[in-house]
Structure formats: C-alpha cells, structure tokens
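See below for the structure under consideration.
The following block contains the structure:
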C-alpha cells in the first residue's frame, strides 16, 4: 500500500504557476479584446496597479449589438496533462466572469466556465475537465476540455447588461 501511494505521488505533476502578478511583472503579452471587433462600444483596459496586481477595468456596453470585454494571455503551448484544476486569486466587483482556455493557437473556439466575485480577495478553484466548448456565445456539440494542452487563457465579462467592471488579479495556477 505504501509503495502504491509513493508511486502515485511520483506521477502527479507539480502545480504550475501560469502568471504571478508583481510590480515587476511584464504584462506585454496580455491584451484586451472587446466587442469593438464587431462594431460594439465596450472598453476594457489592463494595467499593473500600485500594489503590483493585474487590474482589468472597463465598461460593457450593449450598443451596436455589443456586450463583452475580454482579457487574453497567449503563451507558448504547454502540456498540462494531469493538472485538472485552475486556481485564481482575484478581487472582483461582485460580477460574474468567464474563465476561458484554448488548446491551440489554431482553435477558433474556447472552453468556458464561470466564476462569481464577491468584492473581497478570494481564491477560486475551477475544474478544467468540465469546461464547455463555445464559439461566439454558442455551446458546441464537442467534448469538454481535455486538459492536455494549453495555449491561451482569458477572462471575459459579458452578462447581457451594461456595466462598469473591475477585477484585480494576483495569480493564476494549475494544480
């Protein structure tokens, strides 16, 4: 029994930090993509705040059939087999956000799950294997996220209402 537990521990992949925000962080690979790509009027911005946290702020507008703002981080494709949870330390504004992933730079669709913020710092754990594939807000008839490869993570706000938003990010990890 002890040997089996030891072997199991040896094959478990180590947790992986995808991004740890500090005052020295290089956020040049993070970008906002708003509904302006299709004529909308939403406006998202991203910066490091005085405390060194990533700060995603803006306004979601429904004008011109808009309604979303997203923050995206594209990375070299990572092999993440065995890592089935994403953990985020965030301080939101009480709004609901989407967490999104892509398996490849060539994917047109994303895998999506949701999280609620409370207005306080919180650690949120999301199950990667239950993320549903979506394209332009429509759920696709494809399998859930396989959690084997990862090339992009994103946070999106689009709650079918006009709203200001603010989300501070401390770190994002896989376990």
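Residue numbers (the numbering used here): 49 to 223.
Virtual Cβ for every residue (Gly too), placed ideally from N, Cα, C.
Option nearest residue i by Cα separation, candidates the options
i	options	result
residue 166	134, 133, 63, 215	215
residue 141	62, 65, 211	211
residue 184	115, 171, 139	115
residue 106	178, 63, 117	117
residue 175	98, 222, 186, 164	222
residue 177	83, 93, 132	132
residue 162	134, 113, 135, 146	146
residue 152	128, 93, 134	128
Beta-carbon contacts of residue i that lie in its chain and below 6 Å, excluding the five residues immediately before and after
i	result
residue 126	198
residue 95	103
residue 201	121, 149
residue 86	none
residue 66	220
residue 181	157, 159, 188, 190
residue 113	none
Opening and closing residue of the beta strand (DSSP E) in which residue i lies
i	result
residue 93	91-96
residue 67	64-68
residue 144	144-150
residue 175	169-175
residue 157	Residue 157 -> no beta strand (DSSP E), and no H or E assigned at all.
residue 111	Unbroken run through residue 111: none, as it is neither H nor E.
residue 181	180-183
Bridge partner(s) assigned by DSSP for residue i
i	result
residue 85	In the DSSP output, where bridge partners are listed per residue, residue 85 has none listed.
residue 216	103, 139
residue 127	197
residue 72	Note: residue 72 sits in no beta bridge, so no partner.
residue 163	145
Alpha-carbon to alpha-carbon, residue j and residue i
i	j	result
residue 194	residue 158	12 Å
residue 169	residue 137	7 Å
residue 80	residue 61	31 Å
residue 108	residue 209	7 Å
residue 196	residue 130	8 Å
residue 119	residue 91	11 Å
residue 111	residue 213	17 Å
residue 172	residue 64	16 Å
residue 98	residue 203	21 Å
residue 164	residue 217	14 Å
residue 89	residue 83	7 Å
residue 207	residue 93	18 Å
Spatial neighbours of residue i in its chain, beta-carbon cut-off 8 Å, leaving aside the 5 residues before and after
i	result
residue 55	Because residue 55 sits at a pLDDT of 46, beneath the cut-off of 50, its placement in the model cannot be relied upon, and the point is left open.
residue 100	69, 70, 71, 72, 73
residue 77	121, 122, 123
residue 49	Residue confidence is low: residue 49 scores 49 on pLDDT, short of 50, so the model does not pin down where it sits. Its coordinate-derived value is still stated next. If we look at residue 49 and ignore the five residues flanking it on each side, it has no Cβ neighbours.
Neighbourhood of residue i by C-beta distance below 7 Å, restricted to the same chain and skipping five residues each side
i	result
residue 205	108, 116, 117, 143, 145, 213
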